[in-house]
Amino acid sequence: MIRPSTTVTRGRHRRRSGWAAYAGAVALVVGTTAIGAAGRAVLDVPDLEMLYVVAVLVSAVYLGRGPAVASAAVGVLAYDWFFVPPVHTLDVADLRYLFTFGMMFGIGLLVSSLADRARDAAVRAESEALRGTLLSSVSHDLRTPLAAITGAATTLRDQVVDEGTRRELVEAICDESERMERMVKNLLDMTRLAAGAVVARREWVPVDELVGAALSRTETLLSRHRVRTEIPAAPELVSVDPVLVEQLLVNLLENAARHTPPGTEVLVRASGGPAGLHLEVSDGGPGIPAGDEERVFERFHRGGRATGQGAGLGLAIARAIAEVHGGTLRATARTGGGASFRLLLPGGGASPTVPPEPDGDPGGTR
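Start counting the sequence shown at 7; every next residue gets the next number (the numbering used here).
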């Protein structure tokens with residue numbers, strides 16, 4: 007496999023970092039200077055000072071402490087050079103402007119520090135809210151499979167049952183254990199994605215392998231549905247994280263199985279190449295209520311027509327994985343009834359050449 011040198015990271019509260027943030031701070035000062043020059047005829051020198059203070063405030067809130075200090079420093083120089091008499095020099099005729107310069111630096115440091123604290127508090131509050139919701143979901147959603155497992159195991163331990171009943175109880179234990187495992191995995195995945203701890207480790211993989219792996223994992227769940235695939239016959243490679251994208255597709259297929267009655271069709275369309283991955287999962291079920299196209303991706307949201315139980319995280323995780331890749335996942339109503347989920351992931355450049363399969367294998371192994 008060919009792995010690109012770049013990875014994609016995600017974080018809801020992540021700010022621009024590195025040189026981009028400092029360049030943004032300098033751009034703010036340049037823009038402020040242009041505005042000040044344009045309004046010089048109606049603005050006094052002290053009024054122009056407030057424009058630079060605003061630039062420092064914006065840098066502190068959106069770019070961080072370092073860029074805020076940089077914008078203050080560059081702003082002081084620009085303010086002194088263009089507007090403080092004598093202009094076009096760094097001399098200061100009025101010593102009161104030295105106090106102004108110090109105030110601009112102080113504001114940059116103070117506001118950036120307060121902004122960092124506010125952001126940290128917001129992150130902690132969201133983490134606590136998510137932790138509380140996770141605990142509530144765990145206590146509620148895991149109670150049913152645990153009760154079923156306990157009841158079946160207790161019956162096997164304490165009672166003499168015939169072979170048919172024993173087989174049914176063992177199958178119930180296996181089914182409920184698998185369902186509980188999926189719930190716990192979804193909870194853990196959502197926690198990691200919400201914390202920005204997941205990166206997309208891209209590899210060039212065939213589209214048909216991604217779809218085939220996901221269908222294999224959901225074979226039992228979709229056993230009572232008619233599954234149809236539309237995939238190009240020629241092998242197409244896409245640059246994605248195969249583990250994450252496979253999980254994304256599994257979640258979409260599980261969602262289709264739970265929200266559609268047995269016997270309905272589930273259609274998987276997929277195509278790929280250097281431009282990216284296009285994937286669609288459609289079903290013939292009752293569809294998505296009007297206005298809920300975005301709500302279905304909310305964490306812990308459960309559709310009222312679901313035929314099974316879950317934590318309501320599958321679609322939220324699927325969209326988060328799409329965003330990790332810099333892509334999009336949208337839900338729409340399907341023509342003729344049902345729902346359609348369309349995934350678009352950007353490509354990773356020119357794909358490697360796939361060598362043709364040899365006619366024979368004279369060397370023995372490959």
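Glycine included, every Cβ here is placed at the ideal spot set by N, Cα and C. Since we're looking at a predicted model, the values are computed, not measured.
For residue j and residue i, the rounded distance between their alpha carbons
| i | j | result |
| --- | --- | --- |
| Gly5 | Ala31 | Summary: the structure shown does not reach residue 5, with the chain confined to residues 7 through 372, and so no result is reported for it. |
| Val67 | Asp53 | 22 Å |
| Val251 | Thr235 | 17 Å |
| Phe111 | Ala79 | 7 Å |
| Ala263 | Ser229 | 9 Å |
| Asn261 | Gly269 | 15 Å |
| Glu271 | Asp122 | 51 Å |
| Met189 | Arg173 | 24 Å |
| Thr39 | Leu49 | 13 Å |
| Ser288 | Glu134 | 36 Å |
| Ala326 | Leu349 | 12 Å |
| Val166 | Thr226 | 30 Å |
| Ala29 | Arg336 | 34 Å |
| Arg301 | Ala128 | 23 Å |
| Val274 | Ala159 | 38 Å |
| Ala339 | Arg223 | 26 Å |
| Ile343 | Leu285 | Just to set this straight, residue 343 is Gly in the shown sequence, not Ile. Using only the alpha carbons, I get a separation of about 19 Å. |
| Val217 | Thr150 | 31 Å |
| Ala322 | Leu258 | 10 Å |
| Asp247 | Val330 | 10 Å |
| Leu162 | Met186 | 20 Å |
| Glu177 | Thr171 | 10 Å |
| Ile41 | Gly332 | 35 Å |
| Met109 | Ala324 | 48 Å |
| Val117 | Leu254 | 40 Å |
| Arg125 | Ser65 | 14 Å |
| Leu96 | Glu55 | 16 Å |
| Ile237 | Val204 | 29 Å |
| Asp181 | Ala219 | 20 Å |
| Asp214 | Ala239 | 9 Å |
| Val244 | Val90 | 58 Å |
| Trp210 | Val59 | 49 Å |
| Phe107 | Ala76 | 13 Å |
| Leu34 | Ala43 | 14 Å |
Where residue i falls, given that 16 or more other Cβ within 10 Å makes a residue buried
| i | result |
| --- | --- |
| His6 | Outside the shown range of the chain, which is 7 to 372, sits residue 6, and nothing can be said about it. |
| Phe105 | exposed |
| Gly314 | Confidence is the limiting factor: at Gly314 the pLDDT is only 49, short of 50, which leaves the residue's position unreliable, though a coordinate-based value still follows. Classification of Gly314: exposed, given that the 10 Å Cβ count is below 16. |
| Val36 | exposed |
| Leu194 | exposed |
| Arg130 | exposed |
| Thr334 | exposed |
| Pro241 | exposed |
| Trp87 | exposed |
| Arg232 | exposed |
| Thr266 | buried |
| Ser346 | buried |
| Glu184 | exposed |
| Ala26 | exposed |
| Pro431 | In this structure the chain extends from 7 to 372, so residue 431 is not present and cannot be described. |
Endpoints, the alpha helix (DSSP H) within which residue i is located
| i | result |
| --- | --- |
| Phe88 | 71-88 |
| Glu215 | 213-223 |
| Gln253 | 248-265 |
| Arg163 | 149-164 |
| Arg325 | 320-330 |
| Gly30 | 25-44 |
Run of the beta strand (DSSP E) containing residue i, from where it starts to where it stops
| i | result |
| --- | --- |
| Thr338 | 334-339 |
| Glu236 | 232-236 |
Helix, strand or coil at residue i [DSSP, three-state]
| i | result |
| --- | --- |
| His94 | coil |
| Pro352 | strand |
| Val274 | strand |
| Glu300 | coil |
| Gly282 | strand |
| Ser65 | helix |
| Glu242 | coil |
| Ser229 | coil |
| Arg16 | Note that Arg16 scores a pLDDT of 38, beneath 50, so its modelled location is shaky and nothing firm can be said. |
| Asp289 | strand |
| Ala47 | coil |
| Val167 | coil |
| Val205 | strand |
| Ala121 | helix |
Proximity test, Cβ basis, 8 Å: residue i and chain D
| i | result |
| --- | --- |
| Asp168 | Within the model displayed, chain D is absent; a lone protein chain is all it includes. |
Supposed close pair residue i, residue j - CB separation, criterion 8 Å
| i | j | result |
| --- | --- | --- |
| Ala61 | Gly45 | The Cβ separation is near 14 Å, so there is no contact. |
| Gly279 | Leu351 | Their Cβ separation, rounded to whole angstroms, is 12 Å, which puts Gly279 and Leu351 out of contact at 8 Å. |
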